[in-house]
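S.K.: Just so it is clear: in the sequence shown, position 156 is 162 by the working numbering, and no numbers are missing. For glycine and all other residues, C-beta sits at the position ideal for the given N, C-alpha and C. Predicted, not measured: the structure shown is a model, and the values here were computed from it.
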Amino acid sequence: MVRIRVLVVDDHRIFAESLAAALAAEPDVEVAAAGSGPAALRCMERAAAEGRRFDVMLVDADLGASAPSAAQPLAQGFSRAVAVPLARAVPDGGEEAIVDGISLVAGVRATRPGVRTVVLAEKDDPGRAALALQAGASGWVAKDCSLQRLLAVIRGVLRDETHLAPALLTGVLRELTAARKHRTESEQLVESLTPREREVLRCMVAGLGRKAVAERLFLSPHTVRTHMQNVLGKLGVHSTLAAVALARRAGVGPVDLAGDVVERGGQLA
Numbered sequence: 007m008v009r010i011r012v013l014v015v016d017d018h019r020i021f022a023e024s025l026a027a028a029l030a031a032e033p034d035v036e037v038a039a040a041g042s043g044p045a046a047l048r049c050m051e052r053a054a055a056e057g058r059r060f061d062v063m064l065v066d067a068d069l070g071a072s073a074p075s076a077a078q079p080l081a082q083g084f085s086r087a088v089a090v091p092l093a094r095a096v097p098d099g100g101e102e103a104i105v106d107g108i109s110l111v112a113g114v115r116a117t118r119p120g121v122r123t124v125v126l127a128e129k130d131d132p133g134r135a136a137l138a139l140q141a142g143a144s145g146w147v148a149k150d151c152s153l154q155r156l157l158a159v160i161r162g163v164l165r166d167e168t169h170l171a172p173a174l175l176t177g178v179l180r181e182l183t184a185a186r187k188h189r190t191e192s193e194q195l196v197e198s199l200t201p202r203e204r205e206v207l208r209c210m211v212a213g214l215g216r217k218a219v220a221e222r223l224f225l226s227p228h229t230v231r232t233h234m235q236n237v238l239g240k241l242g243v244h245s246t247l248a249a250v251a252l253a254r255r256a257g258v259g260p261v262d263l264a265g266d267v268v269e270r271g272g273q274l275a
């Protein structure tokens with residue numbers, strides 16, 4: 007029998023343990039659980055190293071919103087569970103960065119595209135459901151749905167189906183249409199920038215300050231300030247934060263801080 011390997015990611019321990027135990031009772035389902043986004047990623051890495059890749063990830067839409075004490079490792083004693091030890095949410099007594107549910111979906115989509123993700127939510131929210139789909143989720147399901155409904159969704163997303171409640175469909179389509187309009191407008195504004203201004207914008211997206219941008223692009227701080235002012239003016243915004251948000255909508259990513267991707271032809275002014 008081909009088993010479906012499912013990873014439940016939720017920092018509400020009782021809910022996660024109950025759901026995992028219910029799913030593990032199915033003869034063709036194997037289950038593991040993680041109490042945080044980073045713990046889930048480590049769990050996936052360990053599973054892949056052991057040749058036990060997950061097929062579906064069920065992730066809490068409100069992951070990371072509860073108190074830190076709730077984001078502890080979950081119990082592992084599920085019958086038919088995947089033989090993968092749960093990663094600790096807080097390693098070596100230290101503090102770990104919180105990853106929200108939609109960010110986790112996007113991260114898994116980028117690094118493990120073969121894993122289908124389904125977001126479990128307390129309530130219907132067209133805006134957040136649209137964000138989840140844009141991030142790469144294959145479904146948005148209410149937490150109070152029946153087990154049979156959830157199993158149908160799990161099996162459906164493995165057939166490349168997208169699952170949404172009918173009541174959400176109109177709202178999600180409206181949100182996606184509006185997002186596409188804003189993205190198109192943002193793309194047009196970004197296209198008005200010069201190549202150098204786009205490079206400065208990418209540095210801004212990466213969180214670099216004026217001095218760091220100047221050092222990276224081999225320009226004077228005064229020249230960088232002028233470029234930044236031009237970027238804000240052409241994008242029609244009044245702050246770096248607003249420029250970064252617009253750039254993200256247009257698909258502009260941060261400059262690669264790990265590698266040297268900057269042309270060295272600029273001269274100090």
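#1: How would you write the range of the alpha helix (DSSP H) that R222 sits in, first residue to last?
#2: Any contact of the stretch 146-153 with the stretch 109-122, i.e. 3+ C-beta pairs under 8 Å?
#3: Please classify G145: is it buried, with 16 or more other beta-carbons within 10 angstroms of its beta-carbon, or exposed?
#4: Hey, V8 and A26: beta-carbon distance below 8 Å or not?
#5: Alpha carbon to alpha carbon, how far is S226 from N236?
#6: What residue range is occupied by the uninterrupted beta strand (DSSP E) comprising L13?
#7: From A138 to E128, what does the alpha carbon distance come to, in whole angstroms?
#8: Measure the alpha-carbon distance for T183 versus P132 and round it to whole angstroms.
#9: Only counting the same chain, and skipping five residues up and downstream in sequence, which positions put a Cβ closer than 6 Å to that of F84?
#10: Is T229 buried or exposed, if buried means 16 or more other CB atoms sit within 10 Å of its CB?
#11: Taking just the CA atoms, how far does D34 sit from V250?
#12: Hey, could you find the ends of the alpha helix (DSSP H) L164 is sitting in?
#13: Near R222, which residues of its chain fall below 8 Å by C-beta distance, leaving aside the five closest residues on each side in sequence?
#14: Do V206 and V258 have their C-beta atoms within less than 8 Å of each other?
M.R.: Straight from the coordinates:
#1: The residue labelled residue 222 in the question sits at position 216 within the sequence shown. For R222, the uninterrupted alpha helix (DSSP H) segment begins and ends at R216 to L223.
#2: The answer is no - the stretch 109-122 does not touch the stretch 146-153, with fewer than three Cβ pairs under 8 Å.
#3: Position 139 of the sequence shown, counted from the start, is the residue given in the question as residue 145. Buried is the call here.
#4: Here residue 8 refers to the residue found at position 2 of the sequence shown. Here residue 26 refers to the residue found at position 20 of the sequence shown. No, these two residues do not count as a Cβ contact at 8 Å.
#5: Sequence index remark: in the sequence shown, residue 226 carries index 220 (1-based). Sequence index remark: in the sequence shown, residue 236 carries index 230 (1-based). S226 and N236 have their alpha carbons spaced roughly 15 Å apart.
#6: Locating residue 13 in the sequence shown gives position 7, counting from the first residue. In this chain, the beta strand (DSSP E) harbouring L13 covers I10 to V15.
#7: If you number the sequence shown from 1, residue 138 lands on position 132. If you number the sequence shown from 1, residue 128 lands on position 122. Those two C-alpha atoms are separated by around 14 Å.
#8: Indexing the sequence shown from 1 puts residue 183 at position 177. Indexing the sequence shown from 1 puts residue 132 at position 126. T183 and P132: Cα-Cα distance of roughly 12 Å.
#9: Here residue 84 refers to the residue found at position 78 of the sequence shown. Residue confidence is low: F84 scores 30 on pLDDT, short of 50, so the model does not pin down where it sits. No coordinate-derived value is stated.
#10: Along the sequence shown, one-based indexing puts residue 229 at 223. It is buried - the Cβ of T229 has at least 16 other Cβ atoms within 10 Å.
#11: Here residue 250 corresponds to residue number 244 of the sequence shown, with the count starting at 1. Here residue 34 corresponds to residue number 28 of the sequence shown, with the count starting at 1. V250 and D34 have their C-alpha atoms some 46 Å from each other.
#12: Stepping through the sequence shown from its first residue, residue 164 is reached at position 158. Run containing L164: none; DSSP gives neither H nor E here.
#13: Position 216 of the sequence shown, counted from the first residue, corresponds to residue 222. Once the five neighbours on either side are set aside, the close Cβ partners of R222 are C209, L214, V261 and V268.
#14: Numbered from 1 along the sequence shown, position 200 holds the residue referred to as residue 206. Numbered from 1 along the sequence shown, position 252 holds the residue referred to as residue 258. No; because the gap between Cβ atoms is not below 8 Å, this pair is not in contact.
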